[in-house]
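First the structure, in the form of structure tokens, and then the observations on it.
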Amino acid sequence: RSRLIDPFQVNQGGQPFCGPASIVFELVRKQPLKYVQICRSLFETGGFQARTRYIQASPRLRQSQGRLRMGMADWMLLATLRESENLIFPVEPNAPNIIRNLGGMTKSWEMKGWVKEVLGYRQFKYAHTYIYGEFDAMREAAEVIASGGVAFALVTAEGLLSNKPPLLPYPTHWISLLGNIVIQPGKPWHHDSGHISFDIYTWARKMHVDAAEGPFEDYFWGIVMGRM
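To convert a position in the sequence shown, counted from 1, into our numbering, add 2.
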């Protein structure tokens, strides 16, 4: 009930479930009744009907004990989503960090799958920005959000969100883009002179990101978008 009142309480805790947490946050925020139905079905039957397939928690996952590192309500749904995509690494709350991190890694095609199956959006895409196109992708995301859709960005959390620039930037974290996207294009003859700011959900709270063009390009890797 607390999450229905405040979706920002959806919390991945100490588990590497940033992708599922972002999906569930948007589920609670935009489709609270569906969230309740999914949780009830998970509790009663161990699974739930998604748009085109049935997502089932394994008996091993349903019997998880020990230090979950997060609330039981969030664990039940986030871990089930994560396990539904894992072919090699199990979702085990007490596994060594390297196993938990490998098992918790979310790929872009998995995010697209959840946008379709869990959130029920008919149109979905991944705009990658590994080389260029960051501002263009954010402009498109702003249009999608304004139309009632969702947008999830893949970023280097240490550099973009924590001001702890890594030696070698690489994608580490999914966030939900909330909007309030303001882009100030740079001058053509001044490299990296632009600026961007926007609101996000991550780590059970709302954050405002304010970044110069250069660091933003270094730490931003792509956006999964969905709309009806």
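We put the beta carbon where it would ideally sit given N, CA and C, even for glycine.
It should be emphasised that the depicted structure is a prediction, and the values quoted were computed from it without experimental measurement.
Query	Result
Roughly how far, in whole angstroms, is the beta-carbon of L63 from the beta-carbon of E85, given that I think they are within contact range, below 8 Å?	5 Å
Whose CA, out of H130, G115, Y203 and G188, lies closest to the CA of H197?	G188
Looking only at its chain, what residues have a beta carbon closer than 7 Å to the beta carbon of P171, apart from the 5 residues adjacent to it on each side?	T158, G161, D220 and Y221
Helix, strand or coil, according to DSSP, for Y56 in the structure here?	strand
Do L6 and Y40 have their beta-carbon atoms positioned less than 8 Å apart in this structure?	At residue 40 the sequence reads Ile, which differs from the Tyr that was named. No, the Cβ-Cβ distance between I40 and L6 is not below 8 Å.
Helix, strand or coil for I25 per DSSP?	helix
So, helix, strand or coil for F10, using DSSP?	helix
Cα-Cα, which of E28, G48 and W77 is closest to Q17?	W77
Which stretch, first to last residue, makes up the beta strand (DSSP E) that contains G16?	Element bounds for G16: n/a, residue is neither H nor E.
May I have the straight-line CA-CA distance separating Q125 from R229, to the nearest angstrom?	5 Å
Cα separation between P168 and T174?	11 Å
Determine the burial state of N13: buried for a count of at least 16 other Cβ atoms within 10 Å of its Cβ, exposed for fewer.	buried
What's the C-alpha gap between S4 and F10?	10 Å
Is it right to say T82 is buried, meaning 16 or more other beta carbons lie within 10 angstroms of its own, or is it exposed?	buried
Using only CA atoms, which one of V93, F200, H192 and K36 lies nearest to I185?	F200
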